[in-house]
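Notes follow once the structure below has been shown.
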Amino acid sequence: MKRQLSEFQTYFQSHFDQWGLTKTECEVGSLILSGMSLREIADLRGTSETTTRQQALSLYKKASVEGRHELAAYFLEHLLVRFQEYTKLCVQSGS
972 MKRQLSEFQT
982 YFQSHFDQWG
992 LTKTECEVGS
1002 LILSGMSLRE
1012 IADLRGTSET
1022 TTRQQALSLY
1032 KKASVEGRHE
1042 LAAYFLEHLL
1052 VRFQEYTKLC
1062 VQSGS
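With my numbering, the residue at position 67 of the sequence shown is 1038, and numbering never jumps.
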């Protein structure tokens, strides 16, 4: 399970890097993807909810998504495609 979590983090981080997110935007994005509200993220990070909202909006703009739901859907869609490709490879190799 730790290995899978690490692979997910690497996968998310690769996209965050492609989008040119700051360290703070990466942190906020990870917490959004974990299901936390902006208020919870602000409390955890010791910032105001307004600051956290601005960081999230900046992240969404760089990722070309409209909000948290599109961000989550983006990753879910891409992970499902990767899973389907992996499954095909397993079937072809007889594993």
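For each residue, glycine too, the CB sits at the ideal point set by N, CA and C. All figures in this text were calculated on a predicted structure; none of them were measured in a lab.
Helix, strand or coil at residue i according to DSSP, with G and I counted as helix
{"i": "L992", "result": "coil"}
{"i": "T1018", "result": "coil"}
{"i": "E1037", "result": "coil"}
{"i": "G1000", "result": "helix"}
{"i": "S1029", "result": "helix"}
{"i": "S1005", "result": "coil"}
Euclidean distance between Cα positions of residue i and residue j
{"i": "S977", "j": "E1020", "result": "29 Å"}
{"i": "L1015", "j": "A1027", "result": "15 Å"}
{"i": "T1022", "j": "H1049", "result": "29 Å"}
{"i": "E996", "j": "E1011", "result": "15 Å"}
{"i": "L1006", "j": "W990", "result": "Going by the sequence as given, residue 1006 is Gly instead of Leu. Between G1006 and W990, the C-alpha separation is close to 21 Å."}
Environment of residue i [buried if 16+ CB atoms lie within 10 Å]
{"i": "G1000", "result": "buried"}
{"i": "F979", "result": "exposed"}
{"i": "L1051", "result": "exposed"}
{"i": "L1047", "result": "exposed"}
{"i": "A951", "result": "The structure shown has nothing for residue 951, since the chain only spans 972 to 1066."}
{"i": "A1034", "result": "buried"}
Beta-carbon proximity list for residue i, same chain, < 7 Å, skipping 5 on both sides
{"i": "R1024", "result": "L1009"}
{"i": "F987", "result": "C997, G1000"}
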